[in-house]
Amino acid sequence: MNAIKAILVEDEIAAGKNLIDLLYLENTEIEIVEILDSVKSAIRYFRKNRDFDLVFMDVHLGDGICFEIFEKIELNTPIIFTTAYDQYAIETFKVNSLYYLLKPIRKKELIHAITKFKKNTYNGVQKEFDLLLENLKAKRKKYHSTLLIPNRGDIIPVKVKNFAFFYIKTGIVRGITFSQESFTFDKKIQELEKELDPESFYRVNRQFIINRDAVDKINYPFYGKIKVTVTPEIDDSIIISKAKAKDFKNWLMSN
């Protein structure tokens, strides 16, 4: 059986090596024939070359978002996106039958995506992409602008934009406002995350969701990881993993 020719669009050397190693170790019959590290290089390559069967594509590249590629060319080839996107986007990928892998890429998810690719004859990537954009726009309109918070038998309405961050500690989810008010929520932090506009709030790790306007500074205490300082201050350290650091910085610069 001939090898499946694949293109890798990825600007992180470590992430690219991890994917290539997994493809080899799992004997997937997939051969990476070209590695592209930017939106610009991808557009240039895809305009001239179509001798491949599959594309692995990181959402965030050094010079922009991968979706900019589709504004310049039409690519009717199966694509497996690698992404640290928010949950609403992941759900949209599923609905539209587009493949995705959440970073850091795990063996089980990779094999599942490749199995789907091998079982399906995939056409109309551009149509699916257009539908994806429509759904993303529709989703953005549904986020709450106010949260209703139970408090001693009453319901207190608080504007979402007033919250600097949300976090979970000892099993309790709390929200801290810019004026340093503290509110307790009777829901899981992942449920709360789905109610917040990802343009304004980012799930930095399992413990924290932060408002972009609360970010005071970032530094690098460990190799590749990010430490975020927020206002108002909090005693707990807010650490972002190396795998998520790039996506966080892109999010922070995006608006």
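Quick note on numbering: the sequence shown equals residues 331 to 585 in this note's numbering. Here a beta-carbon is modelled for each residue, glycine too, at the ideal position from N, C-alpha and C.
- DSSP places K555 outside any beta strand (DSSP E), giving it a letter other than H or E.
- Counting only residues of its own chain and dropping the five nearest sequence neighbours on each side, Y375 has a CB closer than 6 Å to the CB of L366.
- With a threshold of 16 other beta carbon atoms within 10 Å, K433 meets it and is buried.
- Between the alpha carbons of D381 and K335 lies a gap of roughly 8 Å.
- Inclusion of N535 and I502 in the CB contact set at 9 Å is not warranted, their separation being larger than that value.
- With 16 or more other Cβ atoms inside 10 Å of its own Cβ, N541 counts as buried.
- Only residues of its own chain outside the window of five on either side were considered, and among them D341, D367, S368 have a CB closer than 8 Å to the CB of G392, listed in chain order.
- Under a 10 Å Cβ-count criterion, R533 is classified as buried, with 16 or more other Cβ atoms of the shown protein chains found around its own Cβ.
- Around the Cβ of P480, a 10 Å sphere holds fewer than 16 other Cβ atoms; the residue is exposed.
- Judged by DSSP secondary structure, G505 falls within the beta strand (DSSP E) whose first and last residues are 502 to 507.
- Exclusion of the five residues before and after D383 leaves I334, K335 as the residues of its chain whose Cβ lies within less than 6 Å of its Cβ.
- When rounded, the separation of the alpha-carbon atoms in P562 and F386 is 40 Å.
- A residue is called buried when at least 16 other Cβ atoms come within 10 angstroms of its Cβ; H474 does not meet this threshold and is exposed.
- Taken through DSSP and simplified to helix, strand or coil, R380 comes out as coil.
- Sequence-distant partners of I441 (beyond 5 residues in either direction) whose C-beta falls short of 8 Å from its own C-beta, in its chain, are E356, T358.
- The straight-line gap separating the alpha-carbon atoms of L353 and I485 is approximately 53 Å.
- The Cβ neighbour count for I539, taken over all protein chains shown within 10 Å, is at least 16; the residue is labelled buried.
- Looking only at L338, K370, Q520, K378, the smallest Cα-Cα distance to E401 is reached by K370.
- By the neighbour-count criterion, in which 16 or more other beta carbons inside 10 Å mark a residue as buried, G554 falls on the exposed side.
- Distance from the CA atom of S509 to the CA atom of D388, rounded to whole angstroms, is 38 Å.
- For V490, the closest alpha carbon among the candidates L526, T500, E404 is that of L526.
- Judged by beta-carbon spacing, L431 lies beyond the 9 Å limit of T407, meaning their Cβ atoms are not closer than that value.
- Only residues of its own chain outside the window of five on either side were considered, and among them I410, Y429, L431 have a CB closer than 7 Å to the CB of A443, listed in chain order.
- Between I564 and F493, the C-beta spacing is not below 9 Å.
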